[in-house]
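The block underneath contains the structure these notes are about, expressed in structure tokens.
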Amino acid sequence: MINDSSKVRDAIEENYSIMKANELIKASERELEKAKAGFKPKINLELRGDRYDLTGDQNYDLYAGVNFNVDIYTGGKKKALVRLAEEQLNSSTLKKEILLKELKIKSEANLAELENSGERLAIFNNAFEAYEQSKNKLSLQFESSNVSLLELLQAERDYIESAELLIINKKEINSSQLRQLFLLGKIIKYFEQENTVNQF
Numbered sequence: 007m008i009n010d011s012s013k014v015r016d017a018i019e020e021n022y023s024i025m026k027a028n029e030l031i032k033a034s035e036r037e038l039e040k041a042k043a044g045f046k047p048k049i050n051l052e053l054r055g056d057r058y059d060l061t062g063d064q065n066y067d068l069y070a071g072v073n074f075n076v077d078i079y080t081g082g083k084k085k086a087l088v089r090l091a092e093e094q095l096n097s098s099t100l101k102k103e104i105l106l107k108e109l110k111i112k113s114e115a116n117l118a119e120l121e122n123s124g125e126r127l128a129i130f131n132n133a134f135e136a137y138e139q140s141k142n143k144l145s146l147q148f149e150s151s152n153v154s155l156l157e158l159l160q161a162e163r164d165y166i167e168s169a170e171l172l173i174i175n176k177k178e179i180n181s182s183q184l185r186q187l188f189l190l191g192k193i194i195k196y197f198e199q200e201n202t203v204n205q206f
């Protein structure tokens, strides 16, 4: 798990949405190159052969030619295509930057939650163990008639509630860990490793 915020941005580059955004940027760059190439002269090389007499092997003519085609006027169509391709590239780049910022904010917030997870679990675990000990003591005292049934039931209730809170917090922390793996594009690799471990 990457828990250094300075490394988060580099790791986020492996996020699936970021990888898709990178592909869109590359596609936009290719479209821009294609649009700009429309201003360059087109060169056509032509090689043609005509056979005028079928009786001999050498009775044919060969023609070769090079043609240069330049569009003198296109009514602004090519400039419009270049401008459109540039706008598309700028839009794709901007969307990626916005996505990066959103993912960075989510990832850092998630990290802050995970950094306190050990202490948080320890608190709920200590409370659970304390309520368990209290319940066991009251159960023994109830058998010797030193405590009422109401006190024992309250201790049972506190014990069950503390167990529920411990389970809920463990689930939340596990969820945060999986969310962080997803944000950093490592979730599939994690599950592949888990499956490999479970097979042995």
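Letter by letter, the sequence shown follows residues 7 to 206 of this note's numbering.
Glycine included, every Cβ here is placed at the ideal spot set by N, Cα and C.
Only a predicted model underlies this, so the values are computations on that prediction, with no experimental measurement involved.
Secondary structure of residue i, DSSP reduced to three states
| i | result |
| --- | --- |
| Glu52 | strand |
| Ser182 | helix |
| Asn28 | helix |
| Lys102 | helix |
| Asn152 | coil |
| Asn2 | This structure does not reach residue 2, given that the chain is present from 7 up to 206, and the question cannot be answered. |
| Leu175 | For the sequence presented, residue 175 should be read as Asn rather than Leu. Three-state result, Asn175: helix. |
| Leu2 | Here the chain covers residues 7 to 206 and nothing more, so residue 2 does not appear. |
| Glu167 | helix |
| Asn21 | coil |
Delimiting residues of the alpha helix (DSSP H) encompassing residue i
| i | result |
| --- | --- |
| Gly124 | 123 to 149 |
Given residue i as reference, the closest of the options once Cα atoms are compared
| i | options | result |
| --- | --- | --- |
| Phe188 | Lys110, Ala43, Leu87 | Lys110 |
| Leu70 | Ala86, Leu51, Asn131 | Checking the displayed sequence, the identity of residue 70 turns out to be Ala instead of Leu. Checking every option, the nearest Cα to that of Ala70 belongs to Leu51. |
| Glu44 | Ser145, Glu178, Ile193, Lys85 | A small correction: the amino acid at residue 44 is Gly; Glu does not occupy that position in the sequence shown. Among Ser145, Glu178, Ile193, Lys85, the Cα nearest to that of Gly44 is on Lys85. |
| Ala169 | Ile194, Lys40, Glu135, Ile193 | Glu135 |
| Ala232 | Gln94, Lys40, Lys42 | The structure shown does not extend to residue 232, since the chain is modelled only from 7 to 206, so the question has no answer here. |
| Leu117 | Gln160, Leu184, Glu138 | Leu184 |
Residue-level contact to chain B via CB, residue i, 8 Å cutoff
| i | result |
| --- | --- |
| Glu93 | Here there is only one protein chain, and chain B is not present. |
Problem - the segment 32 to 40 / the segment 92 to 110 touching (three or more Cβ pairs under 8 Å) - result: yes
Exercise for the section: For the segment 190 to 201 and the segment 151 to 165, state whether three or more C-beta atom pairs, one from each stretch, are separated by less than 8 Å. Expected result: no
Exercise for the section: State whether the segment 104 to 124 contacts the segment 18 to 25, with contact taken as three or more CB pairs (one from each stretch) at a distance under 8 Å. Expected result: yes
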